[in-house]
Every structure is written in structure tokens, then in C-alpha cells.
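Positions 11 to 369 (my numbering) are the ones given, in order, by the sequence shown. Glycine included, each C-beta is placed from N, C-alpha and C at the ideal position.
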Amino acid sequence: MAGLSLQKVKKRFGETEVIAGVDLDVADGEFVVFVGPSGCGKSTLLRMIAGLERTSEGRVLIGGRDVTDEDPAKRGIAMVFQTYALYPHMTVATNMGFPLEMAKRPKEEIDRKVAEAARILHLEAYLHRKPRELSGGQRQRVAIGRAIVRQPGVFLFDEPLSNLDAELRVQMRIEIARLHQELGTTMVYVTHDQVEAMTLASRIVVLRAGRIEQVGAPLDLYEDPDNSFVAGFIGSPRMNFVDATVTAVQDGHAVVAAPEAGLVGMAVATRGTPPKSGTPVSLGIRPEHFVPADGAAGTLCGKISLVERLGGVAYAHAVLADGSMITVESRDAHNFEVGNTQLFGLQRAFLFGADGMRL
Ligand SMILES: Nc1ncnc2c1ncn2[C@@H]1O[C@H](COP(=O)(O)OP(=O)(O)O)[C@@H](O)[C@H]1O
Ligand SMILES: [Mg+2]
11 MAGLSLQKVK
21 KRFGETEVIA
31 GVDLDVADGE
41 FVVFVGPSGC
51 GKSTLLRMIA
61 GLERTSEGRV
71 LIGGRDVTDE
81 DPAKRGIAMV
91 FQTYALYPHM
101 TVATNMGFPL
111 EMAKRPKEEI
121 DRKVAEAARI
131 LHLEAYLHRK
141 PRELSGGQRQ
151 RVAIGRAIVR
161 QPGVFLFDEP
171 LSNLDAELRV
181 QMRIEIARLH
191 QELGTTMVYV
201 THDQVEAMTL
211 ASRIVVLRAG
221 RIEQVGAPLD
231 LYEDPDNSFV
241 AGFIGSPRMN
251 FVDATVTAVQ
261 DGHAVVAAPE
271 AGLVGMAVAT
281 RGTPPKSGTP
291 VSLGIRPEHF
301 VPADGAAGTL
311 CGKISLVERL
321 GGVAYAHAVL
331 ADGSMITVES
341 RDAHNFEVGN
351 TQLFGLQRAF
361 LFGADGMRL
């Protein structure tokens, strides 16, 4: 097993800089998830760890060893991709044992490691099947098995579940979490799906345009985002943002108002000294932080244009008088009626400056 370290890593393709200087330490045994919108550089960063892509600048260390100029095969890593690329003419067992076969390992060792991987992945009953006789989830498990037999110091996953349907994705997500619990091996996992990131990671790295926006435990990012990008990316449905102005500072809190949106005044805690009266801010409210208007810390007034009733929860999509849309969650679907104009109570809110930084 091994930790890894990225030091001032940059990547340019021609003139275009796609990784703009990344520093990151991953401890031995950690499960770190890179998350961010498509094109932000997640795969490129992972491929530089794997050695499939050269760094333009900076160093990559695995298990304390500088591997920046080393071949992928010598880095002690194994990678699982979105497309499983199994050999169609080989059985599950032969597919899984293939990396060891290539390394000319003794047959006894190959059989033992394949059997162990099959046990971990619940593939024992399928060892003699061909890939075409497997479901998508089983095929992806074979691909993971092929990585396990190599007993790498670090597992690298690049959106391994993106090709699976929604139900299978949830199932495989649990399997991968279990796999990490059982093996305890360092894992770096790339996804654009924030739910996958929240449920799998011990730490999440939020990337945007080749830079790290924030690194932290899932709930720390949810409870205490550094900026509006992270706040909007982590959490589902995403955070609502309403334009507001600071009207006073009271007891160390910023009092904010958004008269156009029906918000008269609400005291909001800030990280540091509250901004001066008159400062334009963005008020961030998570859909799950709305409460009944009576006795709430503040209210927004909106007209419900659409209601999604999911059973356990309902979401109202409402238009505020300033034209912005908000999404409001309620456990009681009867709270919402399309066409109603009503007050939505606010329980908690975050404040962001004009530059998107948390205040
Ligand atoms: N081989 C390449 N040549 C030129 N540009 C590339 C190459 N690979 C990736 N890019 C660009 O680098 C950026 C990051 O890509 P990628 O790491 O694949 O993003 P992600 O995995 O987050 O979707 C994108 O703008 C992409 O177009
Ligand atoms: Mg990618």
C-alpha cells in the first residue's frame, strides 16, 4: 500500500494549460475522489498519477518515491476505466489473471489471486463465463478484479460506473465502498457525480478548470464550503442563490435583505468580520434548509411554477419577484400547490461575495 503526493503539477496540451498547478497529499489507505464538471481536468490529473500522461511541470510521488519519469507499469498502480475493455474470447478467470499472465507469474499464484479476487467481488460462480454472458455490472467487476490481482499500492478509477444504469450504479457504488473497507488500499476515484463523491470519499477534491477549489471530508464541504462553486456543486438538488444586500451588522452577524425577493431582513453568520452595510452579496440556501414561514429567521416570497413529488420528499420550483428561481424541499407534499404565491421560511443560509468567495 502507498500514499501519493502531487507537487505543483501542471499539464499543458500545446498552448492550453489544463492543469494549472495542483498540490495534493493522499495518505496511505485514503479514498480520495476527484469531482468537478466535465472538462475540468479530472482524467488528466489521474492519468498523470498513472503515468499515462506526462506532467508538463511538477512531481508525482507514490509511496514516497518520485515516479514522475517512471513507466506506468513500474508505479505500483492499477487503473479501472469507464469502458471495461475485457477480452471477449477469454473467460472471466483468464481476463482477471491476464496481467499476471503477462508478468509471467507462476500458474499456482495466478489461480490463487484470481480465486481471491473472485471471492471479494462475488464472481466465483462466473469464472468460466465469457464477458458476453455477463451483465454490465458483472463485467465492471471483472475489470476491477483484473486490477485487484495485481495487488497495487494505489487503485485509480476513472468514472468506472458511468456506463451502468442508475440502479446498478448504486449497487456498484456500495461494492466499491466495501472493497475499500476490505482491502484498505489507497484509492483515487474520478467522477462528475457529486452523490458518488459524497458517498465514497474519505476526502473530496473539488476541481474546476484545472485548479483545486477545495479539499475536505464530504460533510465539511457540505457544511462549510469555501466558495459558491463548491457550495453549488456539493448537495442535491443544488443550492439556491439569491442576490441580496447587507443592510446592517448586528451582534457579529450580517443582516441581509433582498426586497425584490421578499426578504426583509435576516441575520446570517459569517466566517470572518461581516461585510459593511451596503455590500452586495449572494445568499445561498440549500433546498433542505427551508422551513415553515412562521417563526423562521427570514422569508422569501415566490410563486410555485412546478412541483415534483417523489414520495418521501417534494420539491417546489418557485419564481421570485426578481425573476430568479428557487427549489424548496418539503417532507410534506401537501405544502405545495402549483400557482400559489407563498412565503418560504429560511432556517440557514450562506453568504458569498461578488467574487464568489464565502463571507
Ligand atoms: N490529449 C489531449 N489534447 C488536447 N487537449 C486535451 C487532451 N486531453 C484532454 N484535453 C483537454 O483537457 C481538458 C481536461 O480534460 P479531462 O481531463 O479529460 O477532463 P475531465 O476528465 O474532467 O472531463 C479538456 O478541456 C480537454 O479537452
Ligand atoms: Mg474524464
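Residue i beta carbon near ligand 2 (any heavy atom closer than 7 Å)
i      : result
Val102 : no
Lys313 : no
Ser172 : no
Lys52  : yes
Glu169 : yes
Val5   : Because the chain spans 11 through 369 in this model, residue 5 falls outside it and cannot be assessed.
C-alpha distance - residue i paired with residue j, whole-angstrom precision
i      : j      : result
Ile314 : Ala331 : 12 Å
Leu6   : Ala277 : Residue 6 lies beyond the stretch modelled for the chain, which goes from 11 to 369, so this question has no answer here.
Pro116 : Phe239 : 51 Å
Val274 : Asp203 : 36 Å
Gly305 : Ala227 : 33 Å
Glu134 : Ala153 : 14 Å
Tyr232 : Pro82  : 35 Å
Ser17  : Leu56  : Position check: residue 17 holds Gln in this sequence, whereas Ser was assumed. Answer to the nearest angstrom: the Cα atoms are 14 Å apart.
Glu80  : Ala219 : 27 Å
Ala157 : Val90  : 7 Å
Gly312 : Tyr199 : 40 Å
Arg221 : His138 : 45 Å
Gly146 : Arg319 : 31 Å
Thr309 : Arg281 : 22 Å
Gly333 : Ile295 : 16 Å
Thr351 : Val329 : 9 Å
Cys50  : Ile29  : 8 Å
Ala95  : Ala279 : 51 Å
Ala207 : Thr201 : 7 Å
Met179 : Arg188 : Strictly speaking, residue 179 in this sequence is Arg, with Met absent from that position. One C-alpha to the other measures close to 14 Å.
Phe167 : Ala88  : 9 Å
Gln150 : Val124 : 15 Å
Leu229 : Leu110 : 40 Å
Met182 : Leu293 : 37 Å
Tyr325 : Ala307 : 21 Å
Gly74  : Val36  : 11 Å
Leu369 : His327 : 27 Å
Other residues of its chain near residue i: CB distance less than 6 Å, five sequence neighbours each side excluded
i      : result
Met197 : Phe41, Phe165 and His190
Asp365 : none
Gly31  : Lys18 and Lys20
Ile244 : Gln204, Leu231 and Tyr232
Cut-off 7 Å between Cβ atoms - residues of its own chain near residue i, not counting five sequence neighbours on either side
i      : result
Tyr136 : Val102, Leu144 and Gln148
Glu177 : none
Ile186 : Leu210
Arg122 : none
Thr54  : Lys21, Val28, Ile29 and Glu63
beta-carbon residue i near ligand 1 non-hydrogen atom, thresh 7 Å
i      : result
Phe23  : yes
Gly49  : yes
Gly46  : yes
Val215 : no
Val28  : yes
Sequence-distant residues of its chain with Cβ nearer than 8 Å to residue i (five each side left out)
i      : result
Phe300 : Val338, Glu339, Ser340, Phe354, Gly355, Leu356 and Gln357
Val225 : Leu34, Arg213, Ile214, Val215 and Val216
Tyr97  : Thr104, Asn105, Phe108 and Pro141
Asp76  : Arg69 and Val70
Ala271 : Val252, Asp253, Ala254, Leu310, Cys311, Gly312, Leu330, Ala331, Asp332 and Ser334
Gly322 : Arg341
Expected contact under 8 Å - CB spacing of residue i and residue j to nearest Å
i      : j      : result
Ala254 : Ala241 : Actually they are not in contact, since the Cβ atoms of Ala254 and Ala241 sit about 15 Å apart, beyond 8 Å.
Ala264 : Pro290 : About 12 Å separates the two Cβ atoms, so there is no contact after all.
Pro247 : Pro297 : 5 Å
Ala60  : Arg22  : Going by Cβ atoms, the distance from Ala60 to Arg22 rounds to 18 Å, so no, they are not a contact pair.
Glu169 : Gln260 : Between Gln260 and Glu169 the Cβ distance is about 47 Å, and since that is not below 8 Å, they are no contact.
Phe44  : Asn237 : With a Cβ gap of about 17 Å, Phe44 and Asn237 do not count as contacting.
Ile130 : Glu192 : 6 Å
Opening and closing residue of the beta strand (DSSP E) in which residue i lies
i      : result
Gln357 : Premise fails: Gln357 is in no beta strand (DSSP E) and is neither H nor E.
Pro290 : Pro290 to Ile295
Tyr94  : Neither: Tyr94 is in no beta strand (DSSP E) and is coded neither H nor E.
Cβ-heavy atom distance, residue i to ligand 4, below 7 Å
i      : result
Arg129 : Ligands in the displayed structure: ligand 1 and ligand 2; ligand 4 is not one of them.
The alpha helix (DSSP H) enclosing residue i, as first and last residue numbers
i      : result
Phe243 : Ser238 to Phe243
Lys123 : Lys117 to Ile130
Met208 : Gln204 to Leu210
Asn105 : Val102 to Met112
Thr199 : Contrary to the premise, residue 199 reads as Tyr rather than Thr in this sequence. Here Tyr199 belongs to no alpha helix (DSSP H); instead the beta strand (DSSP E) covers Thr196 to Thr201.
Arg319 : Unbroken run through Arg319 is the beta strand (DSSP E), Gly308 to Arg319; no alpha helix (DSSP H).
Met182 : Ala176 to Leu193
Gly155 : Gly146 to Ile158
Asp230 : Pro228 to Glu233
Leu56  : Lys52 to Ala60
Cβ of residue i within 8 Å of any chain D Cβ
i      : result
Pro170 : The chain inventory of the structure shown lacks chain D, comprising one protein chain alone.
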